[in-house]
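Q: Numbering (the UniProt record's numbering), first residue to last: 1 to 155.
Glycine is no exception: its CB is placed at the ideal position from the N, C-alpha and C atoms.
Please read these numbers as outputs of a predicted model, since none were measured by experiment.
Take this structure first; my questions come after.
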């Protein structure tokens, strides 16, 4: 992933506002496979504010553990459910959930389709993005946008 330095710098920049606001952050990941949590854990004093996350790669984990209703897992409904469930389980004020298709082929959504769920202090929203490029590019853009969502909650 070519943007690792950028991600780490963003996480470091987020650390002070997170500490000042006394918030806790958690993640629910599917297509990013733990990479988002990995980036957040590199930030200064992450142990004070990063609660952790769940990697729910298989749909059965999304349906069972993350309480996603039966149906498509690359969807607004899935992203919202993932974010809300992790916020409750991890007692976190900010949760980002990601579910999507990086490619190259997909049965459920076009490659590059990513749904982001955001639970910010109990208010749950979802955003759909379409990213271009190879699977690694989609992954990098997904992590970058996830960090932007966290940053927006801190403003």
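(1) Roughly how many angstroms lie between the CA atoms of residue 16 and residue 59, to the nearest whole one?
(2) Rounded C-beta distance between residue 147 and residue 11? I'm assuming under 8 Å.
(3) Cutting at 8 Å between CB atoms, please list the residues of its own chain near residue 35, excluding the five before and the five after it.
(4) May I ask which residues mark the beginning and end of the beta strand (DSSP E) holding residue 127?
(5) What does the Cβ neighbour count give for residue 132, buried or exposed, with the cut at 16 atoms within 10 Å?
(6) Compare the C-alpha of residue 84 against each of 122, 130, 24 and name the closest.
(7) Count the other CB atoms within 10 Å of the CB of residue 21; is the residue buried (16 or more) or exposed (fewer)?
(8) For residue 92 versus residue 43, is the C-beta spacing smaller than 8 Å?
A: Taking the coordinates as given:
(1) 35 Å
(2) 7 Å
(3) 1, 29, 139, 143
(4) 123 to 130
(5) exposed
(6) 122
(7) exposed
(8) no
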